Every structure is written in structure tokens, then in C-alpha cells.
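Reviewing the structure listed below.
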Amino acid sequence: MGHLRRSGTAAHALGRRRALTTPVAAGALVRLLTERFAADLRDLWTDADTVEFTIDAERALDVMRSLRDDPDLDFFMLADAAAVDYGPGVRFEVVYHLFSWKHPAWLRVRAHVDRADPRIPTVTELWEGAMFHEREMYDMMGIIFEGNRDLRRIYMSPDYRSFPQRKDFVLPDDAADSPAAGVNPLERPETWDLSRFRDALTVSVAGSELRGDAPAEAVEDGATLADKSRPR
Amino acid sequence: MTTIDRDTRIPDPLELDRAEEERLRIAAGLTPVRAQVGEYAGFDQVGIPDRPPQTEREVEVYTLGEGEMLVNMGPQHPSTHGVMRLVVKVRGEIIVDIDPVLGYLHRGIEKLCENATYTTVLTYVDPMDYLSTMHNEHAPAIAFEKLYGIEAPKRAEYIRALVVELNRIFSHGLMMGFLALDMGGLTPILYAFINRDEIVDMLSAISGQRMLFNFFRVGGVNFDTNDEFLSRLGTWRSNVMKNIEMNERMITDNEIFRARTIGMGTLTGQQAISLGVTGPNLRASGVPFDIRKAHPYSIYHELEFDVITHPGGDSYARYLQRIAEIKQSIHLIDQIIDRMPHGPVQAQVPGIIRPKPGRAYAAVESPRGLYSVYSISDGGPNPYRFRMRDPSFISLQAVPKVMPGKLVADTMAVMASFDPVMGGVDK
Amino acid sequence: MAVDRPTTSNAPEPMLPVTTGGDGPIIIPDQAAGDALLRPFDMEEHPQGGFHGLLEVIPTKADYLLDLIRANSLWPLLSGLSCCAIEMMSTATSVNDIDRFGMFPFRASPRQADVLIVAGTLTTKMAGPLVRLWEQMPEPKWVVAMGTCTTSGGRFKRSYSVVQGVDRVMPVDVYVPGCPPRPEGLIYGMMKLHELVKQRRGQWDTYVDRGPQRTRWEGDVR
Numbered sequence: 001m002g003h004l005r006r007s008g009t010a011a012h013a014l015g016r017r018r019a020l021t022t023p024v025a026a027g028a029l030v031r032l033l034t035e036r037f038a039a040d041l042r043d044l045w046t047d048a049d050t051v052e053f054t055i056d057a058e059r060a061l062d063v064m065r066s067l068r069d070d071p072d073l074d075f076f077m078l079a080d081a082a083a084v085d086y087g088p089g090v091r092f093e094v095v096y097h098l099f100s101w102k103h104p105a106w107l108r109v110r111a112h113v114d115r116a117d118p119r120i121p122t123v124t125e126l127w128e129g130a131m132f133h134e135r136e137m138y139d140m141m142g143i144i145f146e147g148n149r150d151l152r153r154i155y156m157s158p159d160y161r162s163f164p165q166r167k168d169f170v171l172p173d174d175a176a177d178s179p180a181a182g183v184n185p186l187e188r189p190e191t192w193d194l195s196r197f198r199d200a201l202t203v204s205v206a207g208s209e210l211r212g213d214a215p216a217e218a219v220e221d222g223a224t225l226a227d228k229s230r231p232r
Numbered sequence: 233m234t235t236i237d238r239d240t241r242i243p244d245p246l247e248l249d250r251a252e253e254e255r256l257r258i259a260a261g262l263t264p265v266r267a268q269v270g271e272y273a274g275f276d277q278v279g280i281p282d283r284p285p286q287t288e289r290e291v292e293v294y295t296l297g298e299g300e301m302l303v304n305m306g307p308q309h310p311s312t313h314g315v316m317r318l319v320v321k322v323r324g325e326i327i328v329d330i331d332p333v334l335g336y337l338h339r340g341i342e343k344l345c346e347n348a349t350y351t352t353v354l355t356y357v358d359p360m361d362y363l364s365t366m367h368n369e370h371a372p373a374i375a376f377e378k379l380y381g382i383e384a385p386k387r388a389e390y391i392r393a394l395v396v397e398l399n400r401i402f403s404h405g406l407m408m409g410f411l412a413l414d415m416g417g418l419t420p421i422l423y424a425f426i427n428r429d430e431i432v433d434m435l436s437a438i439s440g441q442r443m444l445f446n447f448f449r450v451g452g453v454n455f456d457t458n459d460e461f462l463s464r465l466g467t468w469r470s471n472v473m474k475n476i477e478m479n480e481r482m483i484t485d486n487e488i489f490r491a492r493t494i495g496m497g498t499l500t501g502q503q504a505i506s507l508g509v510t511g512p513n514l515r516a517s518g519v520p521f522d523i524r525k526a527h528p529y530s531i532y533h534e535l536e537f538d539v540i541t542h543p544g545g546d547s548y549a550r551y552l553q554r555i556a557e558i559k560q561s562i563h564l565i566d567q568i569i570d571r572m573p574h575g576p577v578q579a580q581v582p583g584i585i586r587p588k589p590g591r592a593y594a595a596v597e598s599p600r601g602l603y604s605v606y607s608i609s610d611g612g613p614n615p616y617r618f619r620m621r622d623p624s625f626i627s628l629q630a631v632p633k634v635m636p637g638k639l640v641a642d643t644m645a646v647m648a649s650f651d652p653v654m655g656g657v658d659k
Numbered sequence: 660m661a662v663d664r665p666t667t668s669n670a671p672e673p674m675l676p677v678t679t680g681g682d683g684p685i686i687i688p689d690q691a692a693g694d695a696l697l698r699p700f701d702m703e704e705h706p707q708g709g710f711h712g713l714l715e716v717i718p719t720k721a722d723y724l725l726d727l728i729r730a731n732s733l734w735p736l737l738s739g740l741s742c743c744a745i746e747m748m749s750t751a752t753s754v755n756d757i758d759r760f761g762m763f764p765f766r767a768s769p770r771q772a773d774v775l776i777v778a779g780t781l782t783t784k785m786a787g788p789l790v791r792l793w794e795q796m797p798e799p800k801w802v803v804a805m806g807t808c809t810t811s812g813g814r815f816k817r818s819y820s821v822v823q824g825v826d827r828v829m830p831v832d833v834y835v836p837g838c839p840p841r842p843e844g845l846i847y848g849m850m851k852l853h854e855l856v857k858q859r860r861g862q863w864d865t866y867v868d869r870g871p872q873r874t875r876w877e878g879d880v881r
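Chains as they are written, first to last, in this note's numbering: chain Z, 1 to 232; chain S, 233 to 659; chain D, 660 to 881.
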């Protein structure tokens with residue numbers, strides 16, 4: 001078990017090594033992985049319920065095929081395939097989660113994908129259900145899956161020309177940035193007509209005289225009042 | 233005896249009119265009519281697809297053979313699954329191929345969650361799979377607790393399991409109603425909604441909301457049980473077995489229902505695993521995979537329940553599977569009520585949590601299958617990446633696999649038996 | 660009452676009368692151009708619409724009855740998009756029943772529907788089909804924006820693919836806030852709609868095409 005390497009770059013400092021608390025079977029998994037994929041593993045990390053290792057994009061299909069077909073490993077189910085963007089200039093990652101009856105831990109396979117030319121072989125020949133996962137990763141991140149027979153957008157319209165989940169795709173601060181901002185009259189203060197409240201707010205002269213108040217002062221046109229609490 | 237000359241073509245009346253019109257126009261000295269392609273009834277014809285096919289699979293689906301045509305079961309259709317578009321290539325009534333077009337409800341929840349604090353994320357995920365809201369919140373809550381390094385108190389875990397099983401019961405009940413509704417039976421859906429309203433009134437007593445319960449928090453749940461919740465729970469529990477059996481009796485032995493579901497949409501276990509189908513759909517194909525047993529989370533290792541499977545793999549098996557799971561959930565609720573401990577319902581957690589940098593994956597068993605969350609933290613108040621894997625999204629891939637060769641009218645029935653919820657499909 | 664609005668249909672221009680070869684089109688003159696007596700007589704131009712005196716009661720009461728009939732049998736279009744659709748279905752089923760208000764049949768075809776209850780989040784991809792559905796509905800038609808997603812974008816306020824309120828693409832008569840609104844809330848919205856129907860008020864002729872509704876984002880190249 002001498003090939004456990006830490007990740008070299010500490011730019012994002014993601015992942016930390018913890019002591020194995022799992023029963024022996026997970027240790028068996030770590031040993032099997034380091035035996036079978038010694039050349040491909042760039043990093044291995046374990047948690048209480050997860051074993052994770054990192055590979056390069058070109059080896060993804062071969063590694064996944066071995067994981068599925070090897071009788072000791074027997075990771076027959078692809079639970080999840082996700083894409084992560086670490087920022088412009090860093091890299092993409094395609095993360096697969098696998099399940100096996102023989103091992104009590106989830107297996108996470110992280111494949112480093114180059115961000116400038118994001119290509120990775122498809123796993124649809126191993127699991128047909130990966131088709132929608134890969135279409136979604138292409139739609140949201142722009143990662144090209146080589147060999148995928150149906151790589152087109154799934155969520156956005158087919159003529160959409162951007163990749164929304166990338167880190168350089170920034171959401172606007174508010175709907176004021178949209179071309180339809182202010183189209184609703186209630187969104188534009190200049191359409192609020194306060195003069196329609198004038199009658200409702202005017203004190204009735206007859207009422208005040210009956211009560212014995214002082215008569216209301218006449219306001220000339222153009223005079224500015226000190227009291228600006230309502231339009232007069 | 234008259235002889236029929238097979239070479240004589242019976243003239244088409246439209247052709248006759250056009251010829252007549254041509255003759256008249258030529259006699260009057262006018263130019264002949266040049267037919268304009270694509271103009272009919274005054275609006276432009278929009279074909280399916282309206283752009284050239286780009287991928288191999290698109291070429292396969294949109295290339296029409298002899299006698300085939302494309303029918304669009306568009307985003308608005310009477311079936312109640314939400315907005316999904318199925319482009320169906322049919323030859324007569326028999327389906328040749330299906331291309332599902334999704335994204336009519338894509339709201340960008342994952343991207344919005346990257347700009348929200350961890351507690352706010354738990355409210356953003358509610359409307360994803362809106363019929364199983366508690367499960368939608370359970371997975372992120374577990375993932376964030378793993379990132380933050382805490383555990384929820386025991387009573388909180390028991391309350392979580394209780395509301396999650398209640399949610400599963402009414403979600404499966406609604407599936408039964410929708411399955412009958414898509415076949416034209418209008419009564420079971422009313423009973424399913426009565427069932428749902430009872431449970432949802434109970435859950436609104438504990439969480440304040442009828443549908444998108446904002447109930448889970450990182451480190452526990454929001455509110456403890458109260459008198460109204462417990463009294464409604466007791467009333468409901470004493471009536472539920474009778475109600476479920478009444479609902480079941482309406483449909484299960486119904487001849488029309490059996491004729492339309494037995495043998496329809498058959499999926500073998502191997503096919504289902506390859507397609508990524510999970511949950512009741514997978515167990516109805518014979519594979520005993522249940523996340524609550526396979527990777528137990530919350531308190532499921534302390535409760536006793538069985539993983540039920542059906543060997544059939546057809547729509548009827550999926551329907552029976554869900555009824556069996558409702559009964560299992562009631563059994564689980566009984567155990568939870570018996571064993572619930574006293575204690576706090578939320579761990580002491582600050583308002584904005586900043587977990588240490590790391591990655592966490594949490595999977596729960598939702599009524600539609602394996603619902604999982606993969607979250608990456610970078611030490612800040614917002615998750616760096618928040619990814620949800622929705623079961624209905626992946627299960628939809630089974631529909632183009634099982635439908636070819638069947639009638640168009642069975643599409644909706646088979647889809648209803650897979651029970652997709654478009655909020656989860658489109659995120 | 661004819662209202663000037665931008666025409667959104669692609670129908671060809673009305674055809675001119677038949678031409679015979681040579682001199683150009685024969686235009687049949689409008690004989691009634693200047694003659695008041697020869698113009699077609701519009702009943703509504705006359706202040707009493709043709710009914711005088713005591714007979715005025717007939718159209719008034721008939722109108723009232725017609726509006727009452729219309730209000731009590733508004734047929735909604737089955738256009739549930741998202742979570743609000745489940746609450747709309749819950750309103751339609753046994754416990755909270757809008758069948759007692761005549762709204763039982765949720766029509767699948769827009770040609771047969773009176774009111775479009777937009778229940779659920781409207782996304783930019785779905786906006787086109789939904790507006791096409793609304794245009795296919797015959798007048799009089801009303802639109803109920805159910806839930807906060809259709810009122811203003813709701814909890815998806817900054818999203819790149821959600822239309823921030825359905826009133827950006829079609830005129831709305833009643834807004835029902837809530838996420839989702841309780842069935843009682845939706846029924847209250849329907850009661851407000853009944854008031855509108857009885858007063859013959861509606862926004863269906865105020866459609867303005869505001870163009871594709873999408874938010875701008877950095878890196879947008881379209």
C-alpha cells in the first residue's frame with residue numbers, strides 16, 4: 001500500500017487525508033485499486049464512506065471498464081456523473097460515482113479534463129444511462145464526450161451559445177439588466193399617477209367649518225408650500 | 233363483364249380543380265400559378281425538426297422511412313407529468329422511435345445555489361422534484377453535515393425519517409392516481425388527492441407549508457412536533473390501511489387497467505441497471521437495490537424493513553411495487569413513532585456556515601429512485617459546486633427503449649408507470 | 660371595438676379583386692364611402708342599440724345573464740407547468756373543489772378554453788409554446804398568473820432561463836401570489852376573476868410583443 005500520493009498543487013486545497021475508520025473491506029478496495037490502476041492513479045483519498053481517486057481524461061473509459069468488469073471490483077452501477085469547473089485557466093473535472101455490492105464505500109472517480117480543449121471519452125458503451133448525464137455536462141459546461149452518438153443540448157434551446165454552469169458565466173444582479181426591464185408600468189415610477197389620490201386626501205371644507213376649524217388657506221398657482229407631505 | 237384497367241388512375245379532385253384553374257388562367261392570359269412550398273392556411277409551416285439534424289442519433293430518429301411520420305406530443309399535453317416534449321416516429325399507430333426533448337422547466341437551480349448560503353440552498357432545492365420535497369432536502373442536508381463535520385441529534389433524525397416516509401406515501405399514492413388518470417380513469421386521482429391532502433395538512437402543521445416544506449436545516453429540522461401534528465398523525469394512522477386498500481381495490485383488479493399495464497413497458501434487470509433506472513422501477517424489475525439498505529443513512533440501520541422486488545418488470549409490476557412500498561413505509565412509521573427519543577431537534581449551528589474545504593456525496597432513496605447530491609466546499613459561505621442527480625431524469629431514458637413496437641396510446645401509460653416529475657428532470 | 664395592435668400573424672395580405680389581363684387591376688369602388696345611409700349600420704353605434712325605452716331592459720338583462728353564465732362556467736386550459744400545477748390539481752379535486760364554480764373540465768385544447776391558469780415557472784424555452792397556446796384561445800379569454808414564479812420570477816429571480824413574470828409575454832388579469840398559493844388562495848383569485856368577467860373587463864386585447872424575454876449575462880454572444 002505504498003502508492004498513496006497527496007495531490008501536488010495546493011491552489012484550491014481541496015481534499016484532506018483522514019484516518020481510515022472503515023472495516024477491513026474498504027481497505028481491500030484501496031488495495032485493489034492501487035494494484036490494478038497503479039499507473040493511472042494520480043491521487044487517492046478516503047473518507048468514512050467514500051473512496052476517491054483521480055485519473056486523467058484519456059484513461060477514463062479504460063478505467064471505468066475495468067471497474068465494471070473486474071469480478072473483484074464489480075462496480076456495476078453508475079450512480080452519478082457530474083462535471084465541475086475550477087475556473088478559467090484551471091481545469092474541468094468529470095466526477096463519476098459508482099456502487100458495488102462487494103464494497104461498502106461509494107467509489108468516486110475524478111477525471112481531470114483540460115479546460116482549453118475539454119475532451120473525454122464517453123462511457124455510454126458501458127452504461128446507456130450515461131447518455132443524459134453527458135448531454136447535460138455538455139450543455140452546462142461544454143465538455144465534449146468523444147464517441148457519444150447524441151451530444152446535443154438537453155436543457156437549453158438548441159441554438160443557445162453559452163455554457164451556463166461555467167464559472168465565467170455570471171448571473172445578472174437583478175432583472176433590471178434584462179431587455180424587458182421596466183416594461184411593466186408598476187416597475188417604472190414615472191407611470192405612478194399620484195394625482196388620482198388628490199381627491200381622496202383633500203380635507204372637506206364643509207366638514208371643517210361645521211366642526212369650527214379655521215378655514216382652509218387658499219393656495220395660489222405656482223406657490224410652493226412648506227408642507228410637501230402630499231401633492232396640492 | 234366489365235374489365236378493370238389497372239393502369240387508369242382515378243383523378244384526384246384537388247388535381248382536377250388545379251387543372252381547371254390552370255386552364256382558366258391560361259385562357260384569360262394570366263401567368264400560371266406557381267405553388268409556394270411551405271405556405272398553407274396562411275402561416276409558415278414549421279417542420280419537425282426545424283433545423284438539420286446534428287448528431288447520429290438525431291439523424292436516426294428524424295429520418296423517415298416508408299410510411300413513417302413524426303408526431304409531436306408537445307410540451308402541453310393532457311397527461312399530468314408536466315412539460316415534456318416527445319417527438320414520436322410512428323408507422324400508423326405503432327411507434328418506431330421516440331426522442332424526448334427536455335428543458336422546458338429548466339430553472340438553473342444548480343447555478344443559483346452557487347450564489348446562495350448553505351441554508352438557502354435547502355430552500356432552492358424544494359421545487360426540484362416537487363412531489364418529494366422532503367427527500368430533495370434530505371440529501372443536501374446530509375451532504376452539508378458531512379462537509380461541516382456534525383451530526384444531527386437523534387430526535388431530529390427520527391423526525392426526518394418520519395416526514396420522509398410520509399412524503400413517500402403520498403407520492404406513491406399520487407403515482408397510482410396519475411397512472412389511472414393517464415388511462416382515462418378519473419376517479420382514482422380524486423382519492424389520491426384526498427390522501428395527499430390529509431398527509432399534507434399534517435406536514436403543514438409541522439412545517440408551515442403545504443407543498444414546498446422548508447423543513448430541513450443543516451444539523452436537524454426546523455420545528456419540533458406539535459399537538460396538531462400528532463393528533464392528525466394519530467387520526468391518519470388509524471384510517472390509512474383502510475384507505476390504501478380501498479384505493480388499491482379500485483384499480484388493481486380492474487380488467488381495463490390490467491389489460492393496459494400487464495406486459496407493457498417491460499424492462500429486464502440488466503437493462504434497467506444499464507440505463508441507470510433506480511428505485512421502485514428497478515426493484516420492480518427484480519433487482520433488490522435500495523439505498524436505505526445498501527448504504528444506510530440517517531437511522532435506517534436501526535429500523536427493520538424488507539426490500540421488496542417484483543420479477544415482472546412491466547407497468548403492472550411497477551404499480552404493485554409502489555403499493556407494497558406504501559405498506560412498508562407505514563410499517564416504518566410505526567417503528568419510528570414507537571422509538572422516537574426526546575431531545576433537541578437542531579444542532580447548534582451558526583446562521584451562515586462555512587465548512588472546511590472538501591467534497592461530500594450523499595444519496596437518499598426518493599420515491600423515484602436514487603437521489604444524490606455531490607457538493608464541493610471551498611471554505612466560503614456558498615457551496616462551490618452543488619450538483620443534484622435526479623432519478624426521474626435518468627429513468628426517462630428507459631422510455632425510448634421500451635416503447636418501440638407498441639402503440640402510441642400506451643406511451644403515456646408507460647411513462648406514468650415510471651413516475652417522472654419534470655421539475656426534477658429539468659432541475 | 661377594434662384596437663390597434665401589432666399584428667403577429669403571418670397571414671398573406673387580402674387578395675385584390677380578380678384581374679383580367681392587360682390594363683391592371685379593376686378596383687371595385689367602395690360605394691358607401693361618403694354616404695352615411697349606405698354604410699352598414701352597427702347596432703352598437705346607436706346609444707340604445709336598437710332597443711328603445713322599456714325594451715332596453717332586454718339587452719341589459721341578457722348581457723347580465725350572459726356574463727353570469729360566462730363567469731360560472733369558465734373552463735380552464737390544462738397548462739400546469741410545475742409545482743403550482745399540483746396545487747391547482749389539489750384545488751380541482753375533492754377537498755377544495757372548484758367544480759362547484761363550474762371549472763371542472765380542464766380542457767386539453769386551447770380552442771375550447773376560457774381561462775389560462777399559468778401554474779408554474781415559465782422558462783424561456785417554454786415561453787414560445789405558451790404564448791402560442793394563449794394566442795390560440797378564442798376571445799374572451801383571461802389569464803391567471805398563479806404563484807410567484809409567474810408573477811415576478813419568484814424564487815428564481817436571477818436565473819438565466821426563467822421569464823421574470825409571465826406578464827412580460829402575455830397580458831395578465833389576476834395575480835395569485837404564493838409559493839405555491841394555497842387552494843383557498845387560488846379560489847380567492849378565481850372569485851376576483853369572476854368579478855372581472857361580470858364587469859366585462861379583460862386584458863386580452865392589450866397584447867404587446869416585447870421580444871424574446873431573456874436576461875443578459877456576461878459572455879453573451881447572441
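Quick reminder that beta carbons are idealized off the backbone N, C-alpha and C, glycines included.
Please read all numbers here as calculations on a predicted model, not as lab measurements.
Mind listing the chain D neighbours of residue i? Cutoff is C-beta to C-beta under 8 Å, in chain order.
i: residue 343 of chain S; result: 818 and 819
With distances taken between CB atoms, is the gap from residue i to residue j smaller than 9 Å?
i: residue 60 of chain Z; j: residue 120 of chain Z; result: yes
i: residue 482 of chain S; j: residue 649 of chain S; result: no
i: residue 617 of chain S; j: residue 604 of chain S; result: no
i: residue 331 of chain S; j: residue 652 of chain S; result: no
i: residue 436 of chain S; j: residue 442 of chain S; result: yes
i: residue 450 of chain S; j: residue 365 of chain S; result: no
i: residue 327 of chain S; j: residue 581 of chain S; result: no
i: residue 389 of chain S; j: residue 531 of chain S; result: yes
i: residue 54 of chain Z; j: residue 41 of chain Z; result: yes
i: residue 783 of chain D; j: residue 195 of chain Z; result: no
Could you tell me how far apart the beta carbons of residue i and residue j are, in whole angstroms, since I believe they sit closer than 8 Å?
i: residue 562 of chain S; j: residue 432 of chain S; result: Actually they do not touch by this definition, with Cβ atoms about 17 Å apart.
i: residue 307 of chain S; j: residue 301 of chain S; result: The Cβ separation is near 20 Å, so there is no contact.
Please report whether the beta-carbon of residue i lies at a distance below 9 Å from any beta-carbon of chain Z.
i: residue 783 of chain D; result: yes
i: residue 323 of chain S; result: no
i: residue 369 of chain S; result: no
i: residue 204 of chain S; result: What the structure shows of chain S is the stretch from 233 to 659, and residue 204 of chain S is not part of that stretch, so it cannot be assessed.
i: residue 509 of chain S; result: yes
i: residue 330 of chain S; result: no
i: residue 469 of chain S; result: no
i: residue 286 of chain S; result: yes
Do we get a CB-CB distance below 9 Å when we pair residue i with the residues of chain D?
i: residue 426 of chain S; result: yes
i: residue 157 of chain Z; result: yes
i: residue 169 of chain Z; result: yes
i: residue 636 of chain S; result: no
Check the Cβ of residue i against every Cβ in chain Z and list those closer than 8 Å, keeping chain order.
i: residue 499 of chain S; result: Those do not exist, as residue 499 of chain S stays about 12 Å from chain Z at its closest Cβ, beyond 8 Å.
i: residue 629 of chain S; result: 128, 129, 131 and 132
Since residue i meets chain S, which of its residues come closer than 7 Å, beta carbon to beta carbon?
i: residue 843 of chain D; result: Within chain S, no residue comes near residue 843 of chain D; the closest Cβ sits about 10 Å away, beyond 7 Å.
I want to verify the contact list: residues of chain Z whose CB lies under 7 Å from the CB of residue i, in sequence order.
i: residue 340 of chain S; result: 164
Listing by chain order, which chain S residues have their CB less than 9 Å from the CB of residue i?
i: residue 746 of chain D; result: 442 and 443
For residue i, would you say it is in contact with chain S, using Cβ-to-Cβ distances shorter than 9 Å as the test?
i: residue 725 of chain D; result: no
So which residues of chain D does residue i contact, with C-beta pairs closer than 9 Å?
i: residue 335 of chain S; result: 782, 784, 785 and 820
Hey, is the segment 412-432 of chain S in contact with the segment 788-807 of chain D, meaning 3+ C-beta pairs nearer than 8 Å?
-> A contact between stretches requires three or more CB pairs, one per stretch, nearer than 8 Å, and the segment 412-432 of chain S fails this requirement with the segment 788-807 of chain D.
Evaluate contact between the segment 92-103 of chain Z and the segment 127-146 of chain Z, counting only Cβ atoms and requiring at least three cross-stretch pairs below 8 Å.
-> yes
Is the segment 573-582 of chain S touching the segment 491-508 of chain S, taking contact as three or more C-beta pairs under 8 Å?
-> The segment 573-582 of chain S, when compared against the segment 491-508 of chain S, does not touch it at the 8 Å Cβ threshold.
Between the segment 102-109 of chain Z and the segment 529-548 of chain S, do three or more beta carbon pairs fall short of 8 Å?
-> no
Are the segment 388-406 of chain S and the segment 620-628 of chain S touching by the rule of at least three beta carbon pairs closer than 8 Å?
-> no
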